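Mapping to our numbering: the sequence shown position 105 is 105, numbers consecutive.
Beneath this line is the structure, given in structure tokens, with notes to follow.
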Amino acid sequence: SANDFYQVNDYQIENLYTLAREFLGNEQKLLDLYCGSATSSMSINDDHIVGIEINKNAIKDAKENAKRNNLKDYKFIAKNAKFIDSKFIKENKIDAVTVDPPRAGLDKEVVKTIANAGIDKIVYISCNPQTLARDIKRFMDRGYELKKIKAVDMFPQTMHVETIALIQKI
1 SANDFYQVND YQIENLYTLA REFLGNEQKL LDLYCGSATS SMSINDDHIV
51 GIEINKNAIK DAKENAKRNN LKDYKFIAKN AKFIDSKFIK ENKIDAVTVD
101 PPRAGLDKEV VKTIANAGID KIVYISCNPQ TLARDIKRFM DRGYELKKIK
151 AVDMFPQTMH VETIALIQKI
């Protein structure tokens with residue numbers, strides 16, 4: 001719908017999601033925080049998705065997208081990302097997490113929850129290198145390491161860049 005967030009560069013979005021898929025590896029149960037209409041998680045993981053998004057209209061669109069794409073194992077919830085906790089992660093048998101937060105990055109409580117749940121792989125897509133660096137440091141302080149990082153120039157001839165990082169439990 002009109003109020004959903006979408007990446008506007010159709011040419012580079014395919015590159016971004018292909019990298020995310022390569023970073024994530026084989027199909028697993030994926031928690032997608034800030035999932036929007038779930039375009040990214042469906043491109044990255046095909047199925048087995050739990051998406052969290054505060055925008056209720058985006059969640060309606062995510063559910064419709066899942067039906068149109070014949071997903072069998074999905075759940076989309078209209079909540080703030082801080083809604084998740086270790087119990088939620090365990091109950092939903094989450095193996096990996098993708099995040100594509102707003103420019104402000106991740107709330108430190110979200111980082112703490114993901115780390116305390118022992119999630120092995122986090123694929124972080126960011127439009128703000130400063131908050132990405134801050135959040136990587138927060139994960140590193142909790143027993144993770146930065147395994148891969150790559151910039152994707154979604155906005156040629158501007159200073160803005162999307163960055164994708166693989167953060168993995170040591």
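Every residue, glycine too, gets a C-beta built ideally from N, C-alpha and C.
From a predicted model like this one, the values you see are computed outputs, not experimental measurements.
Is residue i helix, strand or coil by DSSP?
i: residue 126; result: strand
i: residue 38; result: coil
i: residue 71; result: coil
i: residue 98; result: strand
i: residue 24; result: helix
Which one or two residues does DSSP pair with residue i in a beta bridge?
i: residue 17; result: DSSP output for residue 17 lists no bridge partner at all.
i: residue 144; result: 169
i: residue 150; result: 164
Using 8 angstroms for Cβ pairs, my map puts residue i next to residue j. What's the rounded Cβ distance?
i: residue 111; j: residue 34; result: That pair is no contact at about 14 angstroms.
i: residue 129; j: residue 163; result: 6 angstroms
Applying the criterion that 16 or more other CB atoms from any shown protein chain within 10 Å of the CB defines a buried residue, is residue i buried or exposed?
i: residue 65; result: buried
i: residue 153; result: exposed
i: residue 45; result: buried
i: residue 121; result: buried
i: residue 91; result: exposed
Taking C-alpha atoms, which residue in the options lies nearest to residue i?
i: residue 145; options: 133, 151, 38; result: 133
i: residue 155; options: 127, 140, 83; result: 127
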